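Each position in the sequence shown, counted from 1, maps to that position plus 17 in my numbering.
Quick notes on the structure that follows.
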Amino acid sequence: MTADNSQRIVVTIEEGVAEVRLNRPDKMNALDQAMFDALVDTGRQLAEMPGLRAVVLSGEGKAFCAGLDMGRMASLGEGTDPSLKRGRLTPRTHGMSNHPQYACMVWRELPVPVIAAVHGAAFGGGLQVALGADLRYVTADAKLSIMEIKWGLVPDMGGMLLTRGLVRPDVLNELIYTGRIISGTEAVELGLATRVCEDPRAAAMAVAREIAMKSPDAIRAGKRLMRVTEDGDALAILQAESVEQDALIGAPNQTEAVRANMEKRAPRFLP
């Protein structure tokens, strides 16, 4: 599977694990229209793929994603790009989201776990793409920034929603108001990243393969429950736990998980 849009994204799939590589290394994987389209198209295709177990999101070259393409930023400053007119972001085009927001939200909405492997820069929109993942593995010297203030803007690709519950409000205020660049190590300390890895891509692939060995029904149920936990009230969370568990108990993949553990063998799950 390979996304179109001038090969902005390349996807390889093996044993249920999809590796999604942002593929614009000469521009530090900056977000132009083709990259936005490729992120959305790839996420949609993966959402419909039977047998998918986990996704790893990473970038080619020396950066994960440096944010909005400088050509588009210049057009924004000059007011010459018709796609950047005032008022174009307000209409909802993808459920709750507009098109740029969905380039990040599509990873959150995917039914399987998504792990972002971040090295180099993850600035502005690039950081928000990573925030759409369930886990973020970073190098110690990675550079992350909510950089929109530098351009007189605010986070607008889902960042305000995706940082909720990760970072203390006062800390988030500082990052938004200053746009300061933090290291991967500090990102973990603040809650923006999951853990520091010498090789985030290798670590993410290893965890994705581990996830792929677990019951796919339980993994997908777990992701659905996390969505409710993050978005719902107490009653919705407790009800969702019961609904998901009722659906899992006694189902083929659940009984296979028990048998495999009892028989000390690798499980053989249904897709």
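The beta carbon of each residue, even a glycine, is placed where N, CA and C say it ideally should be.
If you're wondering where the values come from, they're calculated on a predicted model, not measured in any experiment.
Cβ-Cβ distance between residue i and residue j below 8 Å
i, j, result
"Pro233", "His136", "no"
"Thr156", "Val213", "yes"
"Leu74", "Trp124", "yes"
"Ala257", "Gly267", "no"
"Pro67", "Lys240", "no"
"Ala274", "Ala283", "no"
"Gly149", "Leu183", "no"
"Ala71", "Pro108", "no"
"Ala120", "Met87", "no"
"Leu56", "Leu63", "no"
"Glu65", "Ala229", "no"
Nearest candidate by alpha-carbon position, reference residue i, set the options
i, options, result
"Arg181", "Glu247, Glu273, Arg25, Pro269", "Glu247"
"Ala134", "Ala264, Ile26, Thr59, Val37", "Val37"
"Ala221", "Ile132, Gly88, Asp54, Asn190", "Ile132"
"Leu287", "Asp263, Ala253, Ile236", "Ile236"
"Val245", "Tyr154, Gly175, Glu126, Ile198", "Glu126"
"Ala238", "Glu215, Val224, Ala264, Gly169", "Ala264"
"Pro201", "Asp54, Tyr154, Gln62", "Here residue 201 is Gly; the residue named in the question, Pro, does not match the sequence. When each option's Cα is compared against that of Gly201, the closest is Tyr154."
"Val28", "Ile199, Glu165, Pro42, Gly60", "Gly60"
"Leu170", "Glu227, Leu39, Gly142", "Gly142"
"Pro42", "Ala138, Glu203, Arg197", "Ala138"
"Gln118", "Phe140, Gly176, Glu165", "Gly176"
Pairwise C-alpha distance: residue j and residue i
i, j, result
"Gln24", "Ala210", "28 Å"
"Val34", "Ala219", "13 Å"
"Ala251", "Met122", "23 Å"
"Leu255", "Glu261", "10 Å"
"Tyr194", "Cys82", "21 Å"
"Thr19", "Leu144", "Confidence in Thr19 is poor, its pLDDT being 48 and thus under 50, which makes the residue's placement unreliable; the coordinate value appears in the next sentence. Cα to Cα, Thr19 sits roughly 23 Å from Leu144."
"Pro269", "Asp151", "26 Å"
"Ala225", "Asp54", "25 Å"
(message) Does the region 35 to 54 come into contact with the region 62 to 81, if we say contact requires no fewer than three beta-carbon pairs (one atom in each stretch) closer than 8 Å?
(response) The region 35 to 54 and the region 62 to 81 touch, with no fewer than 3 CB-CB distances between them shorter than 8 Å.
(request) For the region 158 to 171 and the region 105 to 118, state whether three or more C-beta atom pairs, one from each stretch, are separated by less than 8 Å. (result) Not touching, per the Cβ criterion.
(request) Enumerate, from N- to C-terminal direction, the unbroken alpha helix (DSSP H) stretches of 4 or more residues contained entirely within the region 199 to 245. (result) Within the region 199 to 245, the complete alpha helix (DSSP H) segments at least 4 residues long are 201 to 207, 217 to 229, listed from N- to C-terminus.
(request) Could you name each continuous alpha helix (DSSP H) segment of 4 residues or more that falls completely within the region 127 to 177, going from the start of the chain to the end? (result) Here the runs fully enclosed are 142 to 148.
(request) Only counting runs of 3 or more residues, tell me where the beta strand (DSSP E) segments fall wholly within the region 42 to 97, in order along the chain. (result) Here the runs fully enclosed are 71 to 76.
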